[in-house]
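S.K.: Chains as they are written, first to last, in UniProt numbering: chain A, 1 to 498; chain L, 1 to 498; chain Y, 1 to 498; chain B, 1 to 498. First the structure, which I've put down as structure tokens, then a few questions once you've had a look.
There are 4 protein chains.
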Amino acid sequence: MNTIGHLINNRPSRLDTNDRVAPVYNPATGAISKYVAMASRETVEEAISAAEAAYPAWRNTPPQKRAAIMFRFKELLEQNADRLAELVGEEHGKIGHDAKGELQRGIECVEYACYAPELLKGEHSKNVGPAIDCWSEFQPLGVVAGITPFNFPAMVPLWMYPMAIVCGNTFVLKPSERNPSSAMLVAELLYEAGLPEGVLNVVNGDKEAVDVLLSEPRIQAVSFVGSTPIAEYIYTTASAHGKRCQALGGAKNHAIVMPDADMDNAVNVLTGAAFGSSGERCMAISVAVTVGDSAADQLVAKMKERMQSLKVGAYTDDSNDFGPLITREHMEKVKGYIGSAAEQGATIVVDGRDVQVPGHEDGFFVGGTLIDQVTTAMTCYKEEIFGPVLVVVRVNSMEEAMQMIDDHEYGNGTCIFTRDGEAARYFSDNIKVGMVGINVPLPVPVAYHSFGGWKRSLFGDLHAYGPDAVRFYTKRKTITQRWPSSGVREGADFSFPA
Amino acid sequence: MNTIGHLINNRPSRLDTNDRVAPVYNPATGAISKYVAMASRETVEEAISAAEAAYPAWRNTPPQKRAAIMFRFKELLEQNADRLAELVGEEHGKIGHDAKGELQRGIECVEYACYAPELLKGEHSKNVGPAIDCWSEFQPLGVVAGITPFNFPAMVPLWMYPMAIVCGNTFVLKPSERNPSSAMLVAELLYEAGLPEGVLNVVNGDKEAVDVLLSEPRIQAVSFVGSTPIAEYIYTTASAHGKRCQALGGAKNHAIVMPDADMDNAVNVLTGAAFGSSGERCMAISVAVTVGDSAADQLVAKMKERMQSLKVGAYTDDSNDFGPLITREHMEKVKGYIGSAAEQGATIVVDGRDVQVPGHEDGFFVGGTLIDQVTTAMTCYKEEIFGPVLVVVRVNSMEEAMQMIDDHEYGNGTCIFTRDGEAARYFSDNIKVGMVGINVPLPVPVAYHSFGGWKRSLFGDLHAYGPDAVRFYTKRKTITQRWPSSGVREGADFSFPA
Amino acid sequence: MNTIGHLINNRPSRLDTNDRVAPVYNPATGAISKYVAMASRETVEEAISAAEAAYPAWRNTPPQKRAAIMFRFKELLEQNADRLAELVGEEHGKIGHDAKGELQRGIECVEYACYAPELLKGEHSKNVGPAIDCWSEFQPLGVVAGITPFNFPAMVPLWMYPMAIVCGNTFVLKPSERNPSSAMLVAELLYEAGLPEGVLNVVNGDKEAVDVLLSEPRIQAVSFVGSTPIAEYIYTTASAHGKRCQALGGAKNHAIVMPDADMDNAVNVLTGAAFGSSGERCMAISVAVTVGDSAADQLVAKMKERMQSLKVGAYTDDSNDFGPLITREHMEKVKGYIGSAAEQGATIVVDGRDVQVPGHEDGFFVGGTLIDQVTTAMTCYKEEIFGPVLVVVRVNSMEEAMQMIDDHEYGNGTCIFTRDGEAARYFSDNIKVGMVGINVPLPVPVAYHSFGGWKRSLFGDLHAYGPDAVRFYTKRKTITQRWPSSGVREGADFSFPA
Amino acid sequence: MNTIGHLINNRPSRLDTNDRVAPVYNPATGAISKYVAMASRETVEEAISAAEAAYPAWRNTPPQKRAAIMFRFKELLEQNADRLAELVGEEHGKIGHDAKGELQRGIECVEYACYAPELLKGEHSKNVGPAIDCWSEFQPLGVVAGITPFNFPAMVPLWMYPMAIVCGNTFVLKPSERNPSSAMLVAELLYEAGLPEGVLNVVNGDKEAVDVLLSEPRIQAVSFVGSTPIAEYIYTTASAHGKRCQALGGAKNHAIVMPDADMDNAVNVLTGAAFGSSGERCMAISVAVTVGDSAADQLVAKMKERMQSLKVGAYTDDSNDFGPLITREHMEKVKGYIGSAAEQGATIVVDGRDVQVPGHEDGFFVGGTLIDQVTTAMTCYKEEIFGPVLVVVRVNSMEEAMQMIDDHEYGNGTCIFTRDGEAARYFSDNIKVGMVGINVPLPVPVAYHSFGGWKRSLFGDLHAYGPDAVRFYTKRKTITQRWPSSGVREGADFSFPA
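Set out below in structure tokens:
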């Protein structure tokens, strides 16, 4: 069976004898499909050394030349979309249309990296004093690292290294060990686009590899996306080692449904937002907060009906709406949350625990689940389920709904369904959440804005991708310049340098 | 013999019965190679109508989608570089390496157009008053026009319409009637990249077509590059018809050679700057101002030697340095300037008037020419020659050199050769010229800055391409918003809209 | 009787023997209160010469030092608010609270000028090629001019010269000859704040002075605010003389009242927007477009009632809502418009023609006037009345209302009253007007945005004040720099220059 | 004897019974001049509560209104410059001209805070999808804290809270316990300028107070300036508590003196840079690196001569160049560094250890000291002395000099003295230091750029004051908006809400 190695200095499938291996599953069948190497300290250090060696020349490459590689990278990603979607489907389980959607969002981050010559412009001040000028440059950091999660195996790496690299840094990526293949292929395509050897390196691994990246003094910065406990560990550890760090964690995204909402529209878009990609998205809507019982009753009734047509199955059938969960353990955990809701007094309106996918009896499937009458005290409300489960909490006022959202530990995304300008403005202004949708259930910012939650959904000052990524992957240098006369201009040195 | 038509609504080679024709020459042979249609008023109006019809849908197309077409356009331009260089060579005469260099600068403007989602961001102010917000959008103008010169037949159109179009405008281009083929092919490639019908239209023609574009009320803006008298006419006429206009005109670009300059380097780069593309560049260096006789003597001696190896000939031989002039009339005019210099007392150090190009005896060739002891009173100093002629003016101080530059009617580009920080800073700060080089003889700004001269080299507020082009092709709209309470948020309207 | 002179080189009350004089009225009494000199060509040229002489030193003064004067200027304007309001009231007629409001908006433009060090930052690109840097500076133009209208005698000059001057230009102002005193005092305060002699100069005058400013070659740019026919003349003439120009003209600002609008709020704010400052504002709402007869009937009824309490009178009584018109001629013209409406079939709901102001029987007063059932064919709809007259046009759909606005020759400001997010967004996106209010009747952009209409309300590329003013009052210079090695760094020249 | 308390909710001189006290010295006399309260946990929590209570209203105050207070604050600071300089002199020891210089730099940061309406503009994107808009706002964080050092008691607090407050945050400041009085007065002036109660609070104290600020969950961010070990503790502790943090630490700023430098100019400006404020500046030049022995010999000779005229003494005499060190302990430490240099083989060229200041025999004075022949192995090179001591390290090449700088643990400021464009550009590009001077010995960025070192001179992503401070004191919120049709625009809801 195939074992996936690392990519160091553009040598694919490198394996160190110290590296352990871990299985990679096909979640639709429940079977192991391949193995992946778990990098030892030595392997990670070798990757860092490769990045370090590549840095000086890359740093001095004009940004426009760096961007030229990103233009070609974009073309190659588009040309290889089918292959990439297949790899994502096989190891993650998501359906082809969803995998391609993920890839498209990643490609848009590559497009943003193409803008580097504009984005890297510094600020120039003439005459800060008499004949004294001052300007600020945004210089690269050196070798930086990214650690990415299983749920967007192709996209999240593309949030990070295109911008890091186009800013002049060199990079070490550690993708999720659950589904490393698409990240490996994407990295190979960047080399095919013309990247010099060593500028990007991929190591597969687990905590051993991560801990090297967090402590190695040559790593200047770490970007992470994953769960909140790990994000907090990453941030605290990397910070204590003097590194710049941004660590994105978990979420519990609420949608407020106001009585004046266009209910058919709300139900329609919430279905995708709650169950798409089996709910394994940090921007998935997992809580619907209905204002007034009438809105609640309508929403639950229409949603229940809409969910009849949801189709769960393997990634190989593009007519499916969503696929399995990532592991058997995670499937059991999600089912446990549904069970706890029932035990704690909620009403299971649609129960996905016993979903059957013919031909894939051992796949890690949970069907779309709708739970009504949930309270903020219940486990299924307090914790991030990361499965195809939408809970409904009924409140009596918009203020009550907003207070609930603000009280939750997470602050990633949220949205409101309303037709009212004033309600929307009040909500978006005051809610303590980083990404807000107004009638947009998944308010993932476009690639030319930045992605980031508030509260315990993000540790760090700067958000991911977009303008904030430029600042994250560069440091400011400010130069103040005055030229004393050397007599050249006045002609005193006329004879020089004959 | 082939007759080139127009491109309206993506229908190539359209010809109207009213259109006249004009000959297109191969300047290397002196022979007519094809004909080109001269658009009548009706043809131009038809092009405008096509652009007008395409406008509403194009305006509402998200900028990112418009940029996606530019990404593909860039790929196609790169793939067709050889074909385009061949067309440029055949009709303009410039050598392949030079034609490809021109194309590359044009492609970089397409890359800048790809940044549209970033460039079109408006300014958003929260709480300009209590619960009042204000923001500015940069909206497209509508149908805009470009009129481009013979000397960069592939590049200058790409200064204009990629940015105009990506900003949401639709476009009518009138390229030079001397060498229209490359502009036609470039436009076809943009359609191949996915441009909707009618967004770009090309009409070939002369003053008849131009005057329609300047006066037709549906044209919102005009961009022009050419000579100063025409630029002034274009600007005044378009302005009087209420149109936004930027009109770039002629140049007389001086290089100051300071006594401390690295003379070998100066001679080397000045050779390309003065004679490249036969001097038919609005950024060509046509005057070397030497400070001190020692610098002058060195420069003239080294330049004379360097010019021995200059190779003039047809575009078909890539080892040539430069090719013929654009027309027989222009060749005679350039020779006349050289003759006038001799008559008015200057010293012809190297005389290119009798250059022989075997096998191309009827081509419009003038060889590289160096004229020393030129004064500001001579015709060859005062006027733009637009040929491979470098004149040397000797002065005794940098101040004298700068005064001379400031006194000239043109203010396009200039440069200084020095090793001295103070001299360079003083020069770049004070000189009344829009584009300044410090040891860079052709200070053409990169595509992510903007191109524009001062004084009578540019009429209009905003420069060409780069950030200024975004402002030129958009108009600011400022929105101030306050939402009165409708009771939705407070719950008063709970029953609505059941 | 006092005669107001000019302010050249900070010498107040200068008078040339060639200068004619014109009367200045107190519109509340109808009496001449003083005279003002009408500058001859010689006087204007003297002012230009003063500005020209002051330019070189001012241009080289660091922006932060220039801004320091603006900080002090702001303080002095605040300290002199009462004196200034008195002068505005006496010569313009507007009530104290209104005059102070005007002044406050002007002061906010001075505050914006204080930001100059930030606003003048150029764009700096490192490594546009190997070891080649490029940056753009925004340099001042030289001597620039402003020509300002009677209706905001204190504010509009402050739209112009604080920004022009803080950018490094020197200035010649020609204020309205109707009410020059406040502009004179404001200019004196700027000198009191520390402005060097000659940087600002004020000439009073009429067309003779204006024509000098439009044609004198030393004037680099002209800013104008006034009526459209004059704006067009200014723009065309200045452009033909090679000057940068922005000319703001007339307006006919429509407010759409949607059926879902908060009608009490709409009536309340429309009252101020229509009748404040007697309607002599280019942002006054002069047309209410009601969608549906129910909205129309409500609006007219409530507005009629609201207008009962409008108080018209002299500026000396701060409880008045608004004052007289500027001249007897203008008063008659406004009354003529009201009469024409009646003749052409409209319904005069409230008629202000016979308003009585006890003790001010000869003042130029017209009372608040409401006209219903107006059509687009009527004179009172087509032309700018510039008086306290609100006309109501009834339509049946929002599309009809928007088409009417787009068809009007002016495109200065507009607003919509609605509670609906979708209607507001559609309106603000599509309407062909430069400044848009959503439930904001006077959408004058705050000082840190820019002011400008579309269509025949503004001639030029760049709007007034705010970010656009920075671009209007500066020109871009782009510098490309490469340093050849002189051996200093490598140590070859160690002995130099001992 | 007077005891300085705290400033909570604008109640001056508040004292809690739990608070301890510490002495405040007059360093020029060596005597205790007053005492200062050391805040207990309860006192700090009370300050935080005051800030928390003030936050909601302040957050919703329009930025322009917040900036209006900063405009008045600037005026008051200027009016109170003498009083403030007196307080700084008395407690810190620096001479009046130096104290006023410090204050002026602080005032410039207040000026920058006045620009808030411009600086807080968000990014607005129209049509990120069909009729979908997206924009980013920069919202305040909440309650934030600043901890400031003794060496710039008036300026460093002004680096922090004006920007924090104008961005909408409320603030708790803990100034240095060595010299708290000027910070107290400055804070009182901000209240006099109109700050609402509780927006700024000052607590005096030591580690007990600091630790509350680092761990209290209501504190959202911490800014710190001090020594590197404390900065690292602050950063690690605050980060581990989930706070945003920027912590500025120590420095060892090198000046490279090239053989082509204007030596008289270099000596002149280095004198101020090395000995000004007794070297107690994190931007002081403490190492001169001479390239070539000729440059070294010249520099040492000229510097020795120049230092003869240095005048050390009490702050009360404005003709003094610099004053005492901050404490007796610090004075002894500085003398110890000088002694170690001698012991380790360096040459003490000028020895300030035995300086006599008549009438101030118990003051903490050390005179200007110059040490030649220093090596990188010596203690006086490796550690930050923070006294009036300049060491000279002799090297043979610029590369050697740069390697030395890059190898040092600190990377705050550096400069080069040269006349050569190429050397300057190479140095500023490659040196691993955050603030670079070219012939500018103290390259402290102006207030509209940002201040920050690299390596162990700054912990955190964003620099102090200027544009980076705006980002540090705000968090990004991104809103994506789509309006479903409610029928209002199309007229379906015509009857609503009659």
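All C-beta atoms in this analysis are idealised placements derived from N, C-alpha and C, irrespective of residue type, glycine included. Please read these numbers as outputs of a predicted model, since none were measured by experiment.
#1: Note down, one range per segment and in chain order, each alpha helix (DSSP H) of at least 4 residues found wholly within the region 201–272 of chain A.
#2: Do Thr379/A and Ser340/A count as a contact pair if the criterion is CB distance below 8 Å?
#3: Comparing alpha-carbon positions, which option in Val357/A, Glu383/A, Gly487/A and Ser428/A lies nearest Asp420/B?
#4: How long is the line joining the alpha carbons of Leu173/Y and Gly226/Y, rounded to whole angstroms?
#5: Going along chain Y, which residues have a C-beta under 7 Å from Ser490/L?
#6: Within 10 angstroms of the Cβ of Lys382/L, are there 16 or more other Cβ atoms? Answer buried if so, exposed if not.
#7: Cβ closer than 7 Å: which chain L residues qualify as neighbours of Cys134/Y?
#8: Nearest by alpha-carbon distance to Val366/L: which of Asn396/L, Lys335/L, Gln344/L and Ile48/L is it?
#9: With 8 Å set as the bound, which would you pick, yes or no: does the beta-carbon of Asp318/A sit closer than that to a beta-carbon of chain Y?
#10: For the candidate residues Asn10/A, Pro162/A, Phe73/A and Asp372/A, whose alpha-carbon lies nearest to that of Ile348/A?
#11: Kindly provide the ranges of any alpha helix (DSSP H) runs that are 4 or more residues long and lie completely inside the region 276–323 of chain A, ordered along the chain.
#12: Is His254/L near Thr414/L, with beta carbons less than 8 Å apart?
#13: Counting only beta-carbon atoms, is Glu232/L nearer than 8 Å to chain B?
#14: Identify the contact partners of Thr290/L in chain Y, using a Cβ-Cβ distance below 9 Å as the criterion.
#15: Using the three-state DSSP reduction, which class does Ser40/A fall into: helix, strand or coil?
#16: Kindly indicate which residue of Phe152/L, Glu422/L and Lys311/L has the alpha-carbon position closest to the one of residue 501/B.
#17: From the DSSP output, which residues share a beta bridge with Thr414/A?
#18: Let me confirm a value: Asn412/B is counted as buried when at least 16 other C-beta atoms fall within 10 Å, else exposed. Which label applies?
#19: Nearest CA to the CA of Val355/B: which residue from Met331/B, Val393/B, Val287/B and Leu248/B?
#20: Going by beta carbon distance, what residues of the same chain come within less than 7 Å of Ala54/Y, once the five residues before and after it are set aside?
#21: Go ahead and pull the three-state DSSP assignment for His463/A.
#22: Using a 10 Å radius around the Cβ and a threshold of 16 neighbouring Cβ atoms, would you call Arg83/B buried or exposed?
#23: May I ask which residues mark the beginning and end of the beta strand (DSSP E) holding Gln481/B?
#24: In the structure shown, what three-state DSSP assignment does Arg11/A receive?
#25: Run the CB neighbour count on residue 500/L, radius 10 Å, all protein chains shown included, and call it buried at 16 or more, exposed below.
#26: Just reading off the alpha helix (DSSP H) that Thr17/L is part of, what are its end residues?
#27: Identify the continuous alpha helix (DSSP H) that holds Gln79/A and give its terminal residues.
#28: Considering Cys134/B, what are the terminal residues of the alpha helix (DSSP H) in which it resides?
#29: Assuming Pro445/A and Gly466/A are in contact, meaning their beta carbons sit under 8 Å apart, how far apart are those beta carbons, in whole angstroms?
M.R.: Straight from the coordinates:
#1: Counting only runs of at least 4 residues, the region 201–272 of chain A fully encloses the following alpha helix (DSSP H) elements, listed from N- to C-terminal order: 207–215 and 228–240.
#2: Yes, the pair counts as a contact, with Cβ atoms nearer than the cut-off.
#3: When C-alpha distances from Asp420/B are compared across Val357/A, Glu383/A, Gly487/A and Ser428/A, the shortest belongs to Gly487/A.
#4: For Leu173/Y and Gly226/Y, the gap between their C-alpha atoms comes out near 14 Å.
#5: First, the amino acid is wrong: residue 490/L is Glu here, not Ser. The premise fails here: Glu490/L is roughly 13 Å from chain Y at the closest Cβ pair, so nothing lies under 7 Å.
#6: Exposed, since its Cβ has fewer than 16 Cβ neighbours within 10 Å.
#7: Within 7 Å Cβ-Cβ: Pro445, Val446 and His449.
#8: For Val366/L, the nearest C-alpha among the options comes from Lys335/L.
#9: Output row for Asp318/A: interface = no.
#10: The residue from Asn10/A, Pro162/A, Phe73/A and Asp372/A with its alpha-carbon nearest to that of Ile348/A is Asp372/A.
#11: 293–307, all fully within the region 276–323 of chain A.
#12: Going by C-beta atoms, His254/L is nearer than 8 Å to Thr414/L.
#13: For Glu232/L, the answer is no, since every Cβ of chain B falls outside 8 Å of its Cβ.
#14: Within 9 Å Cβ-Cβ: nothing; Thr290/L doesn't reach chain Y, min ~17 Å.
#15: The answer is coil: DSSP assigns Ser40/A none of H, G, I, E or B.
#16: Since the displayed chain B opens at 1 and closes at 498, residue 501/B lies outside it and no answer follows.
#17: His254/A and Val436/A, per the DSSP bridge assignment.
#18: Asn412/B should be labelled buried.
#19: For the residues Met331/B, Val393/B, Val287/B and Leu248/B, the minimum Cα distance to Val355/B belongs to Met331/B.
#20: Cβ contact annotation for Ala54/Y (same chain, cutoff 7 Å, sequence separation greater than five): Thr170, Pro196, Glu197, Gly198 and Val199, in chain order.
#21: For His463/A, the secondary structure class from DSSP, reduced to helix, strand or coil, is coil.
#22: Of the other Cβ atoms in all chains shown, fewer than 16 fall within 10 Å of the Cβ of Arg83/B; this residue is therefore exposed.
#23: Start and end: Thr474 to Arg482.
#24: The three-state reading of DSSP puts Arg11/A in strand, counting E and B together.
#25: The displayed coordinates of chain L run from 1 to 498. Any statement about residue 500/L would go beyond what the structure contains.
#26: Taken as a continuous stretch (DSSP letters only), Thr17/L belongs to no alpha helix (DSSP H), as it is neither H nor E.
#27: It spans Pro63 to Gln79 - the alpha helix (DSSP H) in which Gln79/A sits, taken as one unbroken run.
#28: Following the DSSP letters along the chain, one finds Cys134/B in no alpha helix (DSSP H) but inside the beta strand (DSSP E) bounded by residues Ile132 to Pro140.
#29: Contact annotation, Pro445/A with Gly466/A: C-beta distance approximately 7 Å; criterion of less than 8 Å satisfied.
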